[in-house]
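Novice:
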Amino acid sequence: MDPHKVVTGGPDDPLVNVWDANTGTRTNSLICSPQDKLAEGLGCSAMAVDGCRIVTASGDDQENTIVRFRDFRFATCHVSSNLSEASSAVSKFWGPHSDSDSEELDWQ
Numbered sequence: 001m002d003p004h005k006v007v008t009g010g011p012d013d014p015l016v017n018v019w020d021a022n023t024g025t026r027t028n029s030l031i032c033s034p035q036d037k038l039a040e041g042l043g044c045s046a047m048a049v050d051g052c053r054i055v056t057a058s059g060d061d062q063e064n065t066i067v068r069f070r071d072f073r074f075a076t077c078h079v080s081s082n083l084s085e086a087s088s089a090v091s092k093f094w095g096p097h098s099d100s101d102s103e104e105l106d107w108q
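Residue numbering for the sequence shown follows the UniProt record's numbering, beginning at 1 and increasing consecutively.
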């Protein structure tokens, strides 16, 4: 993820959301629970993000557990910079950013 994106999710939310930190706009939503459990509050119980891949896990106390691995290194559908041009099904993921603590790298 670029340094201006935030990924959120939680146990009561069946979606993992990607937000633009500059605008507060949600840029993508990913289902992390089983389709038949969406209304039951079975959300994300674990998540890992490394810049171009997102892994989510969800499950209940029974044997219903699902792990989703999404690799966006070769994604081709990008968010339009002009919202009037964007369709309802757009997404964008960003390449890995530097692990440097320098703020200069974030603004280049």
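Just so you know, even glycine gets a beta-carbon here, dropped at the ideal spot from N, CA and C. Since we're looking at a predicted model, the values are computed, not measured.
(1) Can you check DSSP and say which residues form a bridge with residue 71?
(2) Taking the C-alpha atoms as reference points, what is the distance between residue 50 and residue 68?
(3) If you drop the 5 nearest sequence neighbours on each side, which residues of the same chain put their C-beta closer than 8 Å to that of residue 65?
(4) Considering only the beta carbon of each residue, do residue 6 and residue 54 sit closer than 8 Å?
(5) Taking all protein chains shown into account, decide if residue 11 is buried (16 or more other Cβ within 10 angstroms of its Cβ) or exposed.
(6) In the structure shown, what three-state DSSP assignment does residue 11 receive?
(7) Could you name the residues that DSSP lists as bridge partners for residue 59?
(8) Using C-beta distances below 7 Å, list every residue in its chain close to residue 21, excluding the 5 sequence neighbours before and after it, in chain order.
Specialist: Looking at the atomic coordinates:
(1) Looking up residue 71 in the sequence shown gives position 71. Beta-bridge pairing links residue 71 to 53.
(2) The residue given as residue 50 occupies position 50 in the sequence shown. The residue given as residue 68 occupies position 68 in the sequence shown. Taking the straight line from one Cα to the other gives about 14 Å.
(3) As a working note, residue 65 is residue 65 in the sequence shown. If we look at residue 65 and ignore the five residues flanking it on each side, its Cβ neighbours are 57, 58, 59.
(4) Along the sequence shown, one-based indexing puts residue 6 at 6. Along the sequence shown, one-based indexing puts residue 54 at 54. The answer is no: Cβ separation not under 8 Å.
(5) Taking the sequence shown and counting its residues from 1, the one referred to as residue 11 is at position 11. So residue 11 counts as exposed.
(6) Within the sequence shown, residue 11 is the residue found at index 11, counting from 1. Here residue 11 sits in coil by DSSP.
(7) Here residue 59 refers to the residue found at position 59 when the sequence shown is read from its first residue. Looking at the DSSP assignment, residue 59 forms a beta bridge with 65.
(8) Numbered from 1 along the sequence shown, position 21 holds the residue referred to as residue 21. Contacts found: 4, 5, 6.
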